[in-house]
Amino acid sequence: MRPMLPLEQHPTGFHATPVAPSEKMPNAVAGKSAYVVDVEDYELHRTMLYALGAKSVANKLMATADLIIHGGTEAPQKARAKYPAAKIIRAQTILPLFHQEIRSFAELVRALQSHGFRVRNPSDEGDPRFDFFEVPLVDGSLHATLLHWLGTSEFVREFTHNPHFPVDVREEGYIDFPMPDSRGITWYYFWKSDAWGRVYAQRGEGDYPLEIKGSQLLRVEPLLWTQSTGLYFHEYPRIDSIDGLFIQAGVDARTGMVNGAAVSRVWT
1 MRPMLPLEQH PTGFHATPVA PSEKMPNAVA GKSAYVVDVE DYELHRTMLY
51 ALGAKSVANK LMATADLIIH GGTEAPQKAR AKYPAAKIIR AQTILPLFHQ
101 EIRSFAELVR ALQSHGFRVR NPSDEGDPRF DFFEVPLVDG SLHATLLHWL
151 GTSEFVREFT HNPHFPVDVR EEGYIDFPMP DSRGITWYYF WKSDAWGRVY
201 AQRGEGDYPL EIKGSQLLRV EPLLWTQSTG LYFHEYPRID SIDGLFIQAG
251 VDARTGMVNG AAVSRVWT
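Residue numbering for the sequence shown follows our numbering, beginning at 1 and increasing consecutively.
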């Protein structure tokens, strides 16, 4: 019996709804520090706000705040007293603003990069390479689509190379992938629903840089995709492979196309 391939199915409640051009909202978040309170999923709001350009986001009272973003019937009196000059924003407006500004997982990554975040793998010793792709759904299967993309992508073709050493250790779950261009190169893939779980976005240096962990980045999946999955694509069939790609993708809720992002792990 073949094992079930990992696949996350996402409800439609958080997907974008059509908005007339006259109803577009100004981005009141960019460059502001935000205190967030009384929301159901703070980590999701934190990721959305940083993608929208927030300077800082916290769910605990801090020294100053430009915005009080709240999910209750009204902003808490304690916050209003501490930040009398802060603009008060209903948390319910953040999701439509996010959908207005961020239309894909690729745009999420690019937005974070444009706001000073460095997106990479913790074990990456070089500068990571990115590929943001959008392709039609193949045979109604996200898994089939990603395998087809692996075999036809120019980015993947340029990234792969002959292994440095013979395969001596093989971890369970890795599957051979002979590159279909007759170069004789075989790499290995491993299905993992949160393949970007080891990726993070970091801004600042020192002992306490601002960090968005991979699990926090992936909180946006239900906002953008109807279903999603991921995979590792590695030089060797093991997690600590020297070179490889971390790939996260899904079926776009707006278009039905498959879009995603690949980020490299490269040792230099």
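Glycine residues also receive a C-beta, built at the ideal position from the N, C-alpha and C atoms.
Just so we're clear, the structure is a prediction, and the values are computed from it rather than from any experiment.
For Ala79, the enclosing alpha helix (DSSP H) begins and ends at Gln77 to Lys82. The segment 196-206 and the segment 169-177 do not touch, with fewer than 3 CB-CB distances between them shorter than 8 Å. Separation of Tyr188 and Lys55 (C-alpha to C-alpha, rounded to the nearest whole angstrom) is 40 Å. Between the segment 142-157 and the segment 213-224 there are fewer than three inter-stretch CB-CB distances shorter than 8 Å, so the stretches are not counted as touching. Listed in chain order, the non-local C-beta contacts of Asn259 below 6 Å within the same chain comprise Ser104, Glu134 and Asp252, local neighbours out to five positions each way being set aside. Counted as a single uninterrupted DSSP element, the stretch harbouring Trp196 is not any beta strand (DSSP E), since DSSP gives it neither H nor E. Rounded to whole angstroms, Ile242 and Arg46 show a C-alpha spacing of 33 Å. Sorting Ala86, Thr186 and Thr160 by C-alpha distance to the C-alpha of Pro166 places Thr186 at the top. Contiguous alpha helix (DSSP H) elements confined to the segment 77-160 occur at 77-82, 94-101, 105-114, 142-152 and 154-159, taking only those with 4 or more residues.
By DSSP's assignment, Asp252 forms a beta bridge with Trp225.
Distance from the Cα of Trp191 is smallest, within the candidate group Gly140, Pro180, Gln248 and Asp181, for Gln248.
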